[in-house]
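Residue 1 in the working numbering sits at position 1 of the sequence shown, and the numbers go up by one each step.
We treat Cβ as the ideally placed atom computed from N, Cα and C, and that holds for glycine.
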Amino acid sequence: MARTETYIAASPERVFAVLSEPRSYGYWVPGSREIRAADRAWPAEGTAFEHSVGAPGLALADYTSVTASLPPVMLELRARARPLGSADIVLHLQPEGDGTRVTMIEDPASAAVNVLIGPLGHGLLKLRNLEALRRLRRLAEGEQPLPAGDLPERDRG
């Protein structure tokens with residue numbers, strides 16, 4: 001498990017508004033290359049967006065879904081990058097002073113992957129998530145604009 005937290009000088013409602021914009025994940029999630037389509041009701045429980053993840057020359061197409069949502073307090077996601085695996089991510093938003101304490105907890109979705117990545121992998125995951133929260137902070141505090149434009153509706157067929 002990788003647990004990471006940061007303070008964001010924006011209200012929980014503002015931070016959750018960023019999390020409610022599927023296009024923002026292409027910016028704030030390291031390794032995310034493109035958000036291709038999304039359910040209109042994102043981030044309602046059961047909704048998803050389609051994404052590509054990976055490094056140049058090696059991109060995997062999959063999707064991230066909402067497993068639980070309690071605006072503006074908590075968002076729980078299952079991010080898939082098969083065949084590499086899936087991860088469960090929980091973002092907790094707690095008011096703190098004039099801003100928000102954001103705690104991000106990420107766990108591989110299978111015990112096998114958890115054992116495979118070991119302590120070194122969990123350390124690297126924590127570093128990646130520190131960068132993710134830094135980028136999320138830039139969006140929520142207005143240093144980086146939210147991506148513009150509309151995403152196509154996700155094809156559930």
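First and last residue of the uninterrupted alpha helix (DSSP H) at residue i
{"i": "residue 18", "result": "12-19"}
{"i": "residue 99", "result": "Unbroken run through residue 99 is the beta strand (DSSP E), 99-108; no alpha helix (DSSP H)."}
{"i": "residue 46", "result": "Premise fails: residue 46 is in no alpha helix (DSSP H) and is neither H nor E."}
{"i": "residue 26", "result": "25-28"}
Close-in-space but distant-in-sequence residues of the same chain around residue i (CB under 6 Å, 5 per side omitted)
{"i": "residue 95", "result": "12"}
{"i": "residue 91", "result": "75 and 104"}
{"i": "residue 14", "result": "140"}
Sheet register partners of residue i (DSSP bridge)
{"i": "residue 77", "result": "66 and 89"}
{"i": "residue 160", "result": "With the chain covering 1 to 157 only, the question about residue 160 has no answer from this structure."}
{"i": "residue 61", "result": "52"}
{"i": "residue 153", "result": "38"}
{"i": "residue 96", "result": "99"}
Integer Cβ distance of residue i from residue j, believed to fall under 8 Å
{"i": "residue 35", "j": "residue 127", "result": "About 23 Å separates the two Cβ atoms, so there is no contact after all."}
{"i": "residue 50", "j": "residue 66", "result": "14 Å between Cβ atoms; not a contact."}
{"i": "residue 154", "j": "residue 48", "result": "6 Å"}
{"i": "residue 64", "j": "residue 79", "result": "4 Å"}
Contact set for residue i: own chain, Cβ-Cβ below 7 Å, skip 5 residues either direction
{"i": "residue 81", "result": "53, 60 and 62"}
{"i": "residue 43", "result": "19, 20, 66, 69 and 75"}
{"i": "residue 100", "result": "8, 10, 11, 12, 15, 93 and 94"}
N-terminal and C-terminal residue of the beta strand (DSSP E) that residue i is part of
{"i": "residue 34", "result": "32-38"}
* Pairing CB atoms from the stretch 133-142 with CB atoms from the stretch 1-14, are three or more of them under 8 Å? -> Between the stretch 133-142 and the stretch 1-14, the count of C-beta pairs closer than 8 Å reaches three or more; the two stretches touch.
* Do three or more CB pairs link the stretch 23-34 to the stretch 102-112 at distances below 8 Å? -> Counting Cβ pairs under 8 Å, fewer than three are found: no touch.
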